[in-house]
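Below: the structure, in structure tokens.
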């Protein structure tokens with residue numbers, strides 16, 4: 003019985019790393035400036051880390067393409083293989099893997115996220131607010 007369960011698990015893992023799945027993920031990542039693979043949807047995140055990413059994106063007023071990994075096991079495992087990163091959420095900017103929640107939070111706190119967004123033509127709402135504040139003084 004245990005062997006059957008392990009074989010089933012290995013089959014799902016093998017399925018998720020097929021060239022077709024990698025191609026789908028590659029297309030998702032490269033066809034949008036900012037992509038988030040998360041648990042749940044932006045309007046209803048299903049884990050605290052995904053919620054934190056959504057909140058950071060909202061603070062910067064960033065439009066992004068979100069993918070709910072809970073709806074597709076092949077994408078859930080496949081994105082981990084694609085990035086060689088074991089956890090969800092995962093953030094991509096301009097086709098490049100940025101990291102997970104902790105890294106995005108560090109980038110947000112240091113101001114690096116504003117710079118990375120600017121490189122791809124996205125002006126952060128936080129930068130706009132700071133510029134408007136300077137103009138008022």
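In our numbering, the protein residues as written are 3 to 139.
Beta carbons are placed, not taken as given, at the ideal position from N, Cα and C, and that holds for glycine.
Taking Cβ positions, are residue i and residue j nearer each other than 7 Å?
i: residue 40; j: residue 52; result: yes
i: residue 66; j: residue 38; result: yes
i: residue 56; j: residue 47; result: yes
i: residue 62; j: residue 127; result: yes
i: residue 68; j: residue 103; result: no
i: residue 95; j: residue 118; result: yes
i: residue 1; j: residue 70; result: A query on residue 1 cannot be resolved here, the shown segment of the chain reaching from 3 to 139 and no further.
Tell me which same chain residues have a C-beta within less than 7 Å of the C-beta of residue i, skipping the five on either side of it?
i: residue 85; result: 92, 99
Buried or exposed for residue i, please, with buried defined as at least 16 other CB atoms from any protein chain shown within 10 angstroms of its CB.
i: residue 31; result: buried
i: residue 123; result: exposed
i: residue 33; result: exposed
i: residue 113; result: exposed
i: residue 80; result: buried
Between the options, which lies nearest to residue i when the distance is taken from Cα to Cα?
i: residue 72; options: 116, 49, 26, 129; result: 49
i: residue 74; options: 26, 129, 133, 125; result: 26
i: residue 45; options: 33, 34, 60; result: 60
i: residue 125; options: 64, 87, 111; result: 64
i: residue 21; options: 77, 42, 70; result: 77
Go through its chain and collect everything with a Cβ distance to residue i's Cβ below 8 Å, but skip five positions before and after it.
i: residue 11; result: No answer about residue 11 holds up, because its pLDDT of 46 lies below 50 and its placement is not dependable.
i: residue 110; result: 58, 61, 62
i: residue 108; result: 114
Uninterrupted alpha helix (DSSP H) stretches inside the region 66-93 (no shorter than 4 residues): 75-85
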